[in-house]
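K.L.:
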Amino acid sequence: MISMKMLEIPLQIFRYREGEPPHYDIFTVQVADTAHVIDAMDAVWATRDRSFTFRRACHHSSCGSCSLRINGVEKLPCITRVMDVWDGHAPVRLDPLRNFPVVSDLVVDVSAFFQRMSAAGMTITRSAEPSLPLSVDDLAATGVLSRPVEVPESLSRFNRFENCIECAICMSACPTMATDEKFLGPAGLAAIYRARQKADNPSDVAHLLGLADGEHGVWRCHSAFECTAACPQAVDPAGKIMALRRELIARRFKVAARAAAVVPRTRNYSAPAGPTKHGGNGA
Amino acid sequence: MATLNYPKIRRAGRWFDVRRRRLGMWAYTLNRITGIGLVVYLYLHLGVLSLLARGQSSWDSFVSLARSPFYLGLDVVLLAGILIHGLNGLRIALTGFDVGVRAQKALFGILMLAAAVALIAAALKIFGD
Amino acid sequence: MSVPHVIVVGAGSTGAATAHDLALRELRVTVIERGEVASGTTGRNHCLLHSGGRYCVTDRESAIECIDENMTLRKIMPDLLELNDGLFVALTEADFAFKDRFLEGCAACHIPARDIPVKRALAMEPYLNPATLAAVQVPDGVFEPFRFCLAFLATARRYGAVVRRYTEVTDFIFSGKSVTGVKVKDRRTGETETLGADLVVNAAGPWAGEIASKAGVSVPEVPTAGVMVTLDCRLNNMVLNRLNKPSDGDIVVPQRATSVIGTTSWTVEDPDLITIPPEHVARMISQGEQLLPPVRKVPMRAKMAVARPLIARSGVDAREVSRTFECFDHAADGVNGFITIAGGKTTTARAMAERVADIVCEKLAIAAVCQTRDVPLASYRLFYQ
Amino acid sequence: MENPFAEEPKATSAWLWQVFTGVGLVILLGLHFMANHFIAKGGLRDFADVVAYLRNPIVLVLELLFLVFVTTHALLGVRAVLLDFGFSESIEKRLSRALTVVGVLTIGYGLWLTWNIIR
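Chains as they are written, first to last, in my numbering: chain A, 7 to 289; chain B, 4 to 132; chain C, 1042 to 1426; chain D, 38 to 156.
#1: Would you say the beta carbon of alanine 96 of chain A comes nearer than 8 Å to a heavy atom of the ligand PLP?
#2: Count the other CB atoms within 10 Å of the CB of leucine 1191 of chain C; is the residue buried (16 or more) or exposed (fewer)?
#3: Using only the alpha-carbon positions, how far apart do glutamine 1331 of chain C and valine 1339 of chain C sit?
#4: Just the chain A side, please: which residues come within less than 8 Å of serine 50 of chain D by C-beta, in chain order?
#5: So which residues on chain A does glycine 123 of chain D lean against when the C-beta distance must stay under 8 Å?
#6: Round the Cβ separation of arginine 1349 of chain C and tyrosine 1096 of chain C to the nearest angstrom and send it over; I've been treating them as touching at under 8 Å.
#7: On a Cα-Cα basis, can you pick out the residue from C:Val1078, C:Leu1090, C:Ala1372, C:Val1210 that is closest to threonine 1389 of chain C?
#8: By a C-beta neighbour count over all protein chains shown, 10 Å radius and 16 as the cutoff for buried, is threonine 1055 of chain C buried or exposed?
#9: For the stretch 99-118 of chain B, enumerate the residues whose C-beta is nearer than 7 Å to any C-beta of chain A, in chain order.
#10: Taking 9 Å as the CB-CB cut-off, is serine 229 of chain A touching chain B?
#11: How far does the beta strand (DSSP E) with alanine 118 of chain B in it extend, from its first residue to its last?
#12: Is there at least one Cβ from chain C nearer than 9 Å to glycine 70 of chain A's Cβ?
#13: Going by alpha carbons, who is nearest to threonine 1304 of chain C out of C:Asp1289, C:Glu1110, C:Ile1157?
#14: Which residues in chain B sit within 9 Å of threonine 143 of chain D, going by Cβ to Cβ distance?
#15: Tell me which same chain residues have a C-beta within less than 6 Å of the C-beta of alanine 126 of chain A, skipping the five on either side of it?
#16: Would you call the CB atoms of aspartate 1239 of chain C and valine 1047 of chain C closer than 9 Å?
#17: 9 Å is my cut-off, CB to CB: does leucine 53 of chain D come that close to chain A?
#18: Helix, strand or coil for cysteine 1107 of chain C? Go by DSSP, reduced to three states.
#19: Against chain G, does isoleucine 255 of chain A count as a neighbour if the rule is that its beta carbon must be under 9 Å from one of theirs?
#20: At a Cβ cut of 7 Å, what residues of the stretch 102-113 of chain D count as close to chain B, listed as they run along the chain?
#21: Tell me, please, whether the CB atom of glycine 140 of chain D is closer than 9 Å to any CB atom in chain B?
#22: Quick one: using the 10 Å Cβ neighbour count with 16 as the cut-off for buried, is glutamate 1106 of chain C buried or exposed?
#23: Between tyrosine 1425 of chain C and alanine 236 of chain A, what straight-line distance do the alpha-carbon atoms span, to the nearest angstrom?
#24: Once you ignore the five residues that flank leucine 1163 of chain C on each side, which residues in its own chain have a CB closer than 8 Å to its CB?
#25: Are the CB atoms of lysine 1404 of chain C and glycine 1378 of chain C within a distance shorter than 9 Å?
#26: At 8 Å on the CB atoms, spell out the chain D contacts of isoleucine 89 of chain B, in chain order.
#27: Comparing alpha-carbon positions, which option in C:Arg1101, C:Tyr1200, C:Val1258, C:Val1130 lies nearest phenylalanine 1369 of chain C?
#28: Would you mind listing the alpha helix (DSSP H) stretches within the stretch 204-269 of chain A that are 4+ residues and don't spill past its ends, in chain order?
#29: I believe glutamate 1110 of chain C touches arginine 1391 of chain C by the beta-carbon criterion, under 8 Å. Please report the beta-carbon distance rounded to the nearest angstrom.
#30: Take the Cβ of glycine 1051 of chain C as the centre, count every other Cβ of all protein chains shown within 10 Å, and call the residue buried at 16 or more, exposed below.
#31: Please tell me whether phenylalanine 33 of chain A has its Cβ less than 9 Å away from any Cβ of chain C.
#32: May I have the straight-line CA-CA distance separating methionine 183 of chain A from phenylalanine 189 of chain A, to the nearest angstrom?
#33: Would valine 142 of chain A count as contacting chain C if we go by Cβ distances under 9 Å?
#34: Can you tell me which residues form a DSSP beta bridge with tryptophan 1307 of chain C?
#35: Less than 6 Å between C-beta atoms, sequence neighbours within five positions excluded: which residues of the same chain meet that for threonine 1211 of chain C?
#36: What does DSSP give as the partner residue(s) for arginine 1205 of chain C in the beta ladder?
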């Protein structure tokens, strides 16, 4: 047996029930020192209070359902170690995501998030992407270098899921999102960017860029870069928003140039532009 | 506390909530505060300039008042707002054109350092005269 | 006669697929789930879309179910799968000796298998152990268990099903010896309520025994936990299996930007709270390292454990228990209107649903046929809209 | 599918104007501040000095340009903050129109004031 050091960790948990004022409850639970925050939440539910509600499914940062705020900062409790957020004394505070209606305790209604993702229409599978290294962080950091990879005969190419796990953390971190329910939001815009990269039909491209260009599209971003800082999956939504802006600005100038031409040759401005510089690593 | 369907004006408080946030949020908040402040100042300034239309005596009496150390101090505050807003605006413009996005934090740091240096120099000049 | 109402307990893969099947057969369906969708066993599974290769020697019945369902899921949820195939690799002489039996098993179960040169396998998988002796390619895949369930439920809802989350079954309502409904409690409000039903399907996975006991019957299930370790980077393109009988830590499933090593197996008393034994985690790393030597150099991203709903067979070790599923009509135990579907795996959830829905229709004397093989699923994103 | 670029992409234009006037202001405001508060003795010009200053045609052009830029930039900024509230489209339209009127009045007032000083 490998010995396991147990911790008595206090959690200060946001509690809310419809029709009642919200409050915090403090629970002290026992978890291993290697445990993640989700394990401590599990212990609260299993051993302290069965009425405690929270969202979770995969416990390995794939489903995106358990997102919440730990000591005020958006995180996935399934990949956040207790020891990394606990100072050894003060309770670890758990709050629901911001900018979403709270349903109960740590459960928020994420429908506004999924409406945006549906509007962007990005499929979660991606193809024609480089294969290894497929890591969130550069493999070089781990001392392993990539090599060219052959694709099995049965496949035309490897495919994998998009980095975005739809955890909605970015929408909670974004200051504009606090007041503007019409804003497409970081994940929605990053998804539009990815869908635009995958689109091969000019009318699809025009539609996607049209979505991004609305008053509540990319131009509602005011460069706080909180989404990119909070994203657990290195999607870099702010970077994608800026890449979309670049393309929109280029098109704006093209439109202006055509309007200025003495004889306008065509009214179709929707020819696809080349991929922008963030082409390689998408959402 | 979570957002429990508070009215929008209360939620707008989050624009200025930098607790446990990163540098980008400070930039966002500072830009908003200075921006709103400068709009208010602009209209105050235009209002004061109407004294010019009332003739020499009204203006010159205002000028002698405005040369007091208190008003000079306000000038330094104004200048600080202008420098922060203007230089951070350059960061927003650049990143908005997809330039220097990855270096936005460093960019903000350098620009704010420049703002601080310029402000100190200007304050010395203003009070030195 | 009005449309019969069926209550499905549990919104894991089995419950979601069952609700979907019944809704497509135009029954009135209500799903009762005490947490979020897939918050139990399904959510924390290995994400492996089985080709059946893993069971083709030891458990052919499961293997055939797997390959059939693998092909069906490719049709109905094409956008929810990473389809990069899988490799069964031999690292030892014993593994190598297993190859013929493996190929024979694959042929018997109609699993397309291809014995590929080691050099080619290493070109496809640059981090694979260079000491590999043989590699067989099979149509394994990867899914996303949460979205898998959401897609079934979103489709079911489109056909009128109602999904009630954060609601738990507290008791059963009887009329004589027949179940006529359940008492439920909304965990968000604390309110209790009675729901009438013509039939109740227990699809609570490892919690099926707990639910069944509320109706006074039992289910021969053994909650058997397994540990999985997720790495902070993706080391393989394809699913990698040891070419041998299933054992601890013999499979590395890549997903998105990670690789997930699994798994172990031990019996647990309470599936609600499983403490992850550190030695199991250490074993996953040392076993995973055999397939992919860089495993130890890579940081760990997450570790998880959950109970599988294995059906007990007296005198059989957990690893040997069939991974197939079984329906228990509790009429045999003297309780009418109550069926438990137990065992199985997410890959075969649709087939499980088909079987239980057939039984439901037979009991309710409805002549509807299963349509779930061909109807493409709605977008999982619609579940939240 | 309708082509969203058949019409002028307004949102992009608004942002580009904001940036254009912003960059312009960095220069114009620099000059304005220097001329009125640093070069001027005592940090402010007295009445006679202001009149002489504005009668210089280059100064006049720069100061009027400054007036237009600063008003545009300020009101586009106010509009951006108001848009961040995500009001309904009809309110947004009314606010934009109101801000345009405010802008025209502001510039008109500036012109009137300047004319009063230099005539």
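For each residue, glycine too, the CB sits at the ideal point set by N, CA and C. Owing to the predicted nature of the structure, the values given are computational and were not obtained by experimental measurement.
P.N.:
On the basis of the coordinates in this document:
#1: This structure lacks the ligand PLP; in fact it carries no ligand of any kind.
#2: By the 16-neighbour rule on beta-carbons within 10 angstroms, leucine 1191 of chain C is buried.
#3: A direct Cα-to-Cα measurement between glutamine 1331 of chain C and valine 1339 of chain C gives close to 14 Å.
#4: Neighbours of serine 50 of chain D on chain A, chain order: Arg258.
#5: Those within 8 Å of glycine 123 of chain D in chain A are Thr185, Asp186, Glu187, Lys188, Phe189, His222.
#6: Not really, about 14 Å apart at Cβ, beyond 8 Å.
#7: Measuring from the Cα of threonine 1389 of chain C, the nearest candidate turns out to be C:Leu1090.
#8: Around the beta-carbon of threonine 1055 of chain C, 16 or more other beta-carbon atoms lie within 10 Å, marking it buried.
#9: The residues in question are Gly99, Phe100, Asp101, Val104, Gln107.
#10: Judged by the 9 Å Cβ criterion, serine 229 of chain A is in contact with chain B.
#11: In this chain, alanine 118 of chain B is not harboured by any beta strand (DSSP E); it is covered by the alpha helix (DSSP H) spanning 107-131.
#12: Residue contact check for glycine 70 of chain A against chain C: a CB pair falls below 9 Å.
#13: Residue C:Asp1289 is the option with its Cα nearest to threonine 1304 of chain C.
#14: At a C-beta separation below 9 Å, threonine 143 of chain D has these neighbours in chain B: Leu45, Tyr46, Leu49.
#15: Shown here for alanine 126 of chain A: same chain residues with a beta carbon closer than 6 Å to its own, the five before and five after excluded, namely Gly194, Ala197, Ile198, Ala201 in chain order.
#16: It is a contact, given that the beta carbons lie within the stated cut-off.
#17: True, the Cβ-Cβ gap to chain A drops below 9 Å.
#18: Note: cysteine 1107 of chain C maps to helix in three-state DSSP.
#19: Chain labels in this structure do not include chain G; the protein chains are A, B, C and D.
#20: Within the stretch 102-113 of chain D, contact with chain B at the beta-carbon level (separation under 7 Å) is assigned to Val107, Ala111.
#21: No - not a single Cβ of chain B is within 9 Å of the one on glycine 140 of chain D.
#22: By the 10 Å Cβ count, glutamate 1106 of chain C comes out buried.
#23: Rounded to the nearest angstrom, the two C-alpha atoms are 23 Å apart.
#24: The residues are Leu1169, Pro1171, Thr1173.
#25: Result yes, Cβ atoms of glycine 1378 of chain C and lysine 1404 of chain C sit closer than 9 Å.
#26: Here residue 89 of chain B turns out to be glycine, not isoleucine, going by the sequence shown. One finds Gly59, Leu62, Val63, Leu66 in chain D with Cβ atoms closer than 8 Å to the Cβ of glycine 89 of chain B, taken in chain order.
#27: It is C:Val1258 whose Cα lies nearest to the Cα of phenylalanine 1369 of chain C.
#28: For the stretch 204-269 of chain A, the continuous alpha helix (DSSP H) assignments of 4+ residues that do not extend past its boundaries occur at 208-219, 232-236, 243-266, in sequence order.
#29: Between arginine 1391 of chain C and glutamate 1110 of chain C the Cβ distance is about 6 Å, and since that is below 8 Å, they are a contact.
#30: By the neighbour-count rule (16 or more Cβ atoms within 10 Å), glycine 1051 of chain C is buried.
#31: Proximity of phenylalanine 33 of chain A to chain C, defined by a Cβ-Cβ separation below 9 Å, is not satisfied.
#32: Roughly 7 Å between the two C-alpha positions.
#33: Since pLDDT at valine 142 of chain A reaches only 36, below the 50 mark, its modelled position is unreliable, and the value read off the structure follows with that caveat. With 9 Å as the cut-off, valine 142 of chain A counts as an interface residue toward chain C.
#34: Bridge partners of tryptophan 1307 of chain C: C:Ala1266.
#35: Lys1224, Lys1226.
#36: Among the bridge pairs identified by DSSP, arginine 1205 of chain C is matched with C:Ile1073.
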